[in-house]
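Take the working numbering: the last position of the sequence shown gets the number 1787, and nothing is skipped along the way.
Even glycine gets a Cβ: it sits at the ideal position worked out from N, Cα and C.
Structure record follows, encoded as structure tokens.
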Amino acid sequence: MKIDFQKLYKKKVAGKGTFNMLNGTVDFSPRPILQRLMIALSVMVAILALGTGILLLKQYQHYINDMTEIHIDEINSNYHVISDEQALGMATALQPIVANPAVKEALKERDSQRLLNDWRDVFARMKKENKITHFYFLDKNRVCLLRVHKPDKKGDIINRFTALKAEWQHKTVSGIEIGPLGTFTLRVVEPVFDKGELVGYVELGKEIEDILQTLHAKSGNEIAVVIRKEYLKRQAWEEGMKMLGRPADWNQLPDEAVIYTSSSHLYNVFGLMEEHHVQERLNGRDINHQIFNRGKEWRVSILPIQDVSGKEVGDMIIMNDISTERNEFFHFVLANALIGIVLTGLVIVFIFFLLRRTDRNIRMQQQNLHESEERFEQLNAHSRTFIWEVDATGLYTYVSNGVSIVLGYRPEELIGHKYFYDLHPHEGREAFKTAAFDTFKRHESFEHLQTPAVSSTGESVWLSTNAIAMVDSEGNLIGYRGSDTDVTRSKQAEEQIGVLAFSDQLTGLPNRRLLMDRLRQAIAGTSRSGSYGALLFIDLDNFKTLNDTLGHDTGDILLKEAARRISGCVREGDSVARFGGDEFVVILVGLSQIKTEAATAGETVGEKILTSLNSTYLLNGIGHRSSASIGVTLFQGDESSIDELMKQADLAMYKAKEAGRNGLSFFDPEMEFTLKERAKLEEDLRKGIDENQFLLYYQPQIMDECIVTGCEALIRWRHPQRGIVSPLEFIPVAEATGLILPLGQWILKSACDQLARWSDDPHTNRLMVAVNVSVRQFSQNDFVEQVLAIIETSGANPKRLKFELTESLLVHDFENVVEKMARLKAAGISFSLDDFGTGYSSLSYLKRLPLDQLKIDQSFVRDILIDTNDAILCRSTIALAESMGLRVIAEGVESAEQRNALAGMGCYAFQGYWFSRPLPIEEFETYVMTMSAKKEV
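Structure representation (structure tokens):
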């Protein structure tokens, strides 16, 4: 064989020069690698410097933010401390006044002139020494007997929050409120008692300017206070500002009015805030920005101010000089930047010399690699094998000419452009890539590894790969070197043998052998997952008659069509196989872990198959109707062998045939009985709704010991054969089938009709009726309209109707739930949250719901006497309800001890068997009369 070495071995050495094997000369014209690397390094340094600058700027911003937060926290704390100290001082000043017998006598006699004579001089001293601006005497009904600071105005009722709170709590109350002249006033109200009897109130007040001046002096920050205009009257505010000698520009801010500034410079801040941050200040109220004013940099923050009732009525604007912190920070940055520049220069010099040495070594290795090219080419010039090399990333660095014969690619199309895994079919490529690189990590070799590849024309080719790892002297992976041989023909022959061994030739479905293997895998899968699987044995009815009358060719057409229809009824991952003759087997996997649900799923698929197989077949132009009998058995784990499962499904199938064919039967008698009972219960339930077989029982709801405040309407089923049926048995079926909707509507209508009848009886016209509403019922789009229509038709008083909702309702479209509740609430209907504490409740939900009552679940009440946790939960629920202004009722009270324990915690409404079981209407009305008589006694 003659090889043209002149053509074959004159190669480009990675685009860097020419290497001629004939004369052994090397002519390198290296590109400026070092120059490019240094440029890249310079760019990296520039990026690093830019990133460092950005980082330092961010750090500066964080530093300023942290300092500002500290200032704000200190000011906020000092504000409350100073307010509390001055309030305490005023309360102390009130003590001798409220203890004065003359004051008590004058308040009882409403002698305002006497009070004025006695305390006018005292007020003058307090005004001068303590800056007290308000001095009130009120009678016990909060009617102003005397304003010492304005004697000519009296007789009006004082409805300020401090006065009201003092009336409610009968103790000293203090706090900041907006005064009638639009200023902030610190007020202290002290009730006056004479021999335990409330005879009036004494109130002192002072403007908070003293507090703000102290705060300004203590913090060193400039401070201003503004009040929202919605709480002010312009004329009164302007009068108050004039009285205090302050500027009164009502139009200075659009929505707020200035009542105090520590410096006139702050008026410039208002302009800047208005110009740059109006929308943020109005919406967010968390303004924290830097501005420049008077040649300095200031940090301006806004702190919301609340009055004594907790309502946000204005803002405190704080202006902090941060010029010093900024200068210190930038001096620090400059010093460290100089040090960084010196260190960076040293590193760059070191890297330069290191890269220059590396560049020299790289060029020498390139020469050595190309010298081995001759040996590879000689091995593969005339075979369906090609030699290749890849680097550690899988990129082709060398491919022999044989690749054009095997895959149709030219070597230059692959070298430096494609990775070895790019030739793998797209499906399964990631898994192949992962497995290959796992081998790369271990530096292991490939031996006769058969994988598919895609040629340049898109054809599938099977390759047998042998390869070894290439490592350097230190053991580091450089890449892999190997060969690929075309084994497509042998692979196709192998696959054909597999098809013949495991597939049914007529239908293309898995045969019995492959079926057994898949059933074994399915059983193992249920052992791991804990879920049930199902085995369906299908036999075509009267198939032998078809074969005998129309011939086997026609029968084969029916079998192929049946196989197609059955395959279309199952999910991906399930298996359909032809067992033999006219028998098919279906394996369903991944069903529920609950046996009844798994059986329901298996039955659903079986019914779907029956429906599909019942459709008309077109056999050689002749229409034909067929049916099938299906046997079903469930499996979970390896409790039953494969043979036992096949027998069970086969027996169930024959049972279906005995029942008249064209049907489905379960092997498990108990499961089959359960399914039939459920279906029978559903059928009876529909009939019961149509024939009005239901009635309501009423369980009393008791206040204290004997006051019947209402009842809960509970449905019972008066079954014609079984008698009274508990809702625990039929409500779950009603929920699952949707029958809860007509059933719930009947309950609501019956309860409203009863309320209308009770409205004419003085013993029952004040009773509340609680009706349970299911999630599915409440979720109807027209639920509110249904309720209002029933109330209007029945004539019931909606204020006597209460809906009990479960916590599970809160996870279904919460905003829609709130909107519906609000509409029903507006109509007069009240709401109780049933089974509280067992589900999804959170304070964020509760505070938005228009609830009237929380119902403590009976699971907590049951063990309240023996389980500390249950007792804590009950106590917490009662406290939560009280704090939110909600009533609370406990259900499941079955003993006097439980009732007393709950009463001791503050719960006085009860429901349970200790008082009464649910009663028919006649017995309930008798019970109400009895308890009413007991109450009168």
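Residue burial classification, residue i (beta-carbon count within 10 angstroms, cutoff 16)
{"i": "Phe1236", "result": "buried"}
{"i": "Ile1058", "result": "buried"}
{"i": "Asp1322", "result": "exposed"}
{"i": "Asn1009", "result": "exposed"}
{"i": "Val1743", "result": "buried"}
{"i": "Ala1759", "result": "buried"}
{"i": "Ser1479", "result": "buried"}
{"i": "Gln1129", "result": "Residue placement at Gln1129 is poorly supported in this model, since its pLDDT is 47, which falls under 50; the coordinates are not used for a value here."}
{"i": "Gly1134", "result": "Confidence is the limiting factor: at Gly1134 the pLDDT is only 41, short of 50, which leaves the residue's position unreliable, though a coordinate-based value still follows. Exposed, since its Cβ has fewer than 16 Cβ neighbours within 10 Å."}
{"i": "Ala1804", "result": "This structure cannot speak to residue 1804, because the chain is shown only from 851 to 1787."}
{"i": "Gly1325", "result": "exposed"}
C-beta contact flag for residue i and residue j at 8 Å
{"i": "Val1583", "j": "Arg1626", "result": "no"}
{"i": "Glu1562", "j": "Gln1551", "result": "yes"}
{"i": "Leu1501", "j": "Gly1481", "result": "yes"}
{"i": "Gly1762", "j": "Glu1747", "result": "no"}
{"i": "Ala1499", "j": "Thr1483", "result": "yes"}
{"i": "Gly1405", "j": "Asn1392", "result": "no"}
{"i": "Thr1466", "j": "Gly1456", "result": "no"}
{"i": "Ala941", "j": "Thr1022", "result": "yes"}
{"i": "Gln1024", "j": "Ala949", "result": "According to the sequence displayed, residue 1024 carries Ser and not Gln. No, the pair does not count as a contact, with Cβ atoms beyond the cut-off."}
{"i": "Asp923", "j": "Leu957", "result": "no"}
{"i": "Ala952", "j": "Met976", "result": "no"}
{"i": "Thr1338", "j": "Thr1315", "result": "no"}
{"i": "Leu1359", "j": "Val1426", "result": "yes"}
{"i": "Val1623", "j": "Leu1655", "result": "yes"}
{"i": "Gly1329", "j": "Ala1242", "result": "yes"}
{"i": "Leu1273", "j": "Ala1303", "result": "yes"}
{"i": "Ser1377", "j": "Asp1493", "result": "no"}
{"i": "Ser933", "j": "Ile1026", "result": "yes"}
{"i": "Asp1060", "j": "Lys981", "result": "yes"}
{"i": "Leu1082", "j": "Ala1098", "result": "no"}
{"i": "Val1253", "j": "Arg1234", "result": "no"}
{"i": "Leu1693", "j": "Ala1731", "result": "no"}
{"i": "Arg1331", "j": "Glu1239", "result": "yes"}
Residue from the options with nearest C-alpha to residue i
{"i": "Arg1712", "options": "Glu919, Arg1749, Lys1530", "result": "Arg1749"}
{"i": "His1613", "options": "Glu1072, Asp1717, Ser1442, Thr1559", "result": "Thr1559"}
{"i": "Met1093", "options": "Gly1032, Val1052, Ile1073", "result": "Gly1032"}
{"i": "Glu1422", "options": "Gly1440, Arg1428, Ala1413", "result": "Gly1440"}
{"i": "Gly1735", "options": "Ser1726, Asp1707, Leu1701, Ile1716", "result": "Leu1701"}
{"i": "Leu1545", "options": "Leu1598, Leu1514, Ser1515, Glu1585", "result": "Leu1598"}
{"i": "Arg1767", "options": "His921, Phe1628, Tyr1548", "result": "Tyr1548"}
{"i": "Thr1587", "options": "Leu1617, Asp1534, His1569, Phe1290", "result": "Asp1534"}
{"i": "Ala1413", "options": "Leu906, Val1192, Phe1434, Leu1638", "result": "Phe1434"}
{"i": "Lys1670", "options": "Ser1629, Glu1585, Gln1355", "result": "Ser1629"}
{"i": "Thr1035", "options": "Glu1053, Pro1041, Phe1043, Val1049", "result": "Glu1053"}
{"i": "Leu1769", "options": "Val895, Leu1564, Phe1180, Leu966", "result": "Leu1564"}
{"i": "Asn967", "options": "Thr1643, Arg997, Asn926", "result": "Arg997"}
{"i": "Ala1646", "options": "Val1634, Gln1636, Asp1611, Ala1601", "result": "Ala1601"}
{"i": "Lys1805", "options": "Asn991, Lys1000, Pro1030, Leu995", "result": "Past the boundaries of the shown model lies residue 1805; the chain is included only from 851 to 1787, so the question cannot be answered."}
{"i": "Lys1784", "options": "Ala1343, Ile1557, Trp1608, Val1436", "result": "Ile1557"}
{"i": "Asp1389", "options": "Lys1341, Leu1460, His930", "result": "Leu1460"}
{"i": "His1298", "options": "Phe1710, Asp1336, His1276, Asn1464", "result": "Asp1336"}
Which residues DSSP lists as bridging residue i, in chain order
{"i": "Arg1037", "result": "Gly1025, Gly1055"}
{"i": "Gln1551", "result": "Gly1560"}
{"i": "Val1192", "result": "Val1192 is not bridged to any residue."}
{"i": "Met888", "result": "Its beta-bridge partners do not exist; DSSP assigns none."}
{"i": "Asp1336", "result": "Leu1313"}
{"i": "Arg1428", "result": "Phe1434"}
{"i": "Ile1318", "result": "Arg1331"}
Any non-hydrogen atom of the ligand GDP within 7 Å of residue i CB
{"i": "Lys908", "result": "The model depicted lacks the ligand GDP and carries no ligand whatsoever."}
Within-8 Å CB hit, residue i to chain D
{"i": "Leu891", "result": "Given the protein chain composition of this structure (a single chain), no chain D is represented."}
Legend entry - the region 1749-1757 contacting the region 1770-1778, beta-carbon criterion three pairs below 8 Å: no
Inset, instruction - Mind the definition here: the region 1671-1684 touches the region 1641-1660 only if three or more C-beta pairs lie below 8 Å; say whether that holds. - result: yes
Legend entry - Contact the region 989-1004 vs the region 1063-1080: 3+ CB pairs below 8 Å: no
Inset, instruction - Specify whether the region 1172-1184 and the region 914-931 touch according to this definition: at least 3 beta carbon pairs, one from each stretch, less than 8 Å apart. - result: yes
Inset, instruction - Could you tell me whether the region 1095-1114 touches the region 1067-1086, using the rule of 3 or more Cβ pairs below 8 Å? - result: yes
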